[in-house]
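These notes are about the structure you will find just below.
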């Protein structure tokens, strides 16, 4: 799944966000779907690292809300993300 594309889709009606914000959001979505580790590529305490962290928090909220909408069914929530990313019918987890 293209997580940066998914992040852009989730944010398409929001105010413009920085690249590090998009990267943080994408990293956590990938973590929630594939179990990958999330580490910031930016220097600790930098503006970019703060934006990356904010994107991470947004992704956790998005995924939590998606789980609530799907009554805790992780597979169903992931299927919704795949649909948003344009990956109809592909299983990730």
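Residue numbers (our numbering): 275 to 367. Positions of the beta carbon are idealized from the N, C-alpha and C atoms, including for glycine.
query, result
"Proximity of residue 341 and residue 354 at Cβ, strictly below 8 Å", "no"
"Segment limits, alpha helix (DSSP H) that includes residue 275", "Neither: residue 275 is in no alpha helix (DSSP H) and is coded neither H nor E."
"Minimum C-alpha distance to residue 351 - residue among 338, 361, 286", "338"
"Residue 336 burial status per 10 Å Cβ neighbour count (16 or more: buried)", "buried"
"Same chain, Cβ closer than 6 Å to residue 305, five either side skipped, listed in chain order", "312"
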